[in-house]
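Residue numbering for the sequence shown follows numbering that gives the first Met the number 0, starting at 0 and increasing by one per position.
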Amino acid sequence: MAEKAKGKMEQAKGKAKEAAGKVTGSERMEAEGEMDQIKGKARETAAKAEEQARGVNDSLRGRRQKP
């Protein structure tokens, strides 16, 4: 769960940085903000996939233990 939260925070940071870049006219800051958003989304997606994999693994373990 912590990785999902970190991903969300990185996305929020990226949105703020992108907005600041637009306001100040800094293309570099705007691009960095977009990249932060992409990295945050990737981190969040990876965390969700890991959670799903754990759920499948737990489900399979439960089936094996039942007679």
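All C-beta atoms, glycine included, are put in the ideal place defined by N, C-alpha and C.
Roughly how many angstroms separate the alpha carbons of residue 35 and residue 54, rounded to a whole number?
Reading the sequence shown from its first residue, position 36 is the one you call residue 35. Reading the sequence shown from its first residue, position 55 is the one you call residue 54. The straight-line gap from Cα to Cα measures roughly 29 Å.
Going by beta carbon distance, what residues of the same chain come within less than 7 Å of residue 29, once the five residues before and after it are set aside?
Residue mapping note: residue 29 aligns to position 30 of the sequence shown, counting from 1. Cβ neighbours of residue 29 beyond the five flanking positions: 17, 20 and 21.
Would you report the Cα separation of residue 39 and residue 60, rounded to the nearest angstrom?
Position 40 of the sequence shown, counted from the first residue, corresponds to residue 39. Position 61 of the sequence shown, counted from the first residue, corresponds to residue 60. Going by the C-alpha atoms only, they are around 32 Å apart.
Tell me whether the beta-carbon of residue 48 lies closer than 8 Å to the beta-carbon of residue 2.
Against the sequence shown, residue 48 aligns to sequence position 49. Against the sequence shown, residue 2 aligns to sequence position 3. Between residue 48 and residue 2, the CB-CB gap reaches or exceeds 8 Å.
Could you check how far apart the C-beta atoms of residue 7 and residue 43 are, in whole angstroms? I think they sit under 8 Å.
By one-based count along the sequence shown, residue 7 stands at place 8. By one-based count along the sequence shown, residue 43 stands at place 44. Confirmed, Cβ separation roughly 6 Å.
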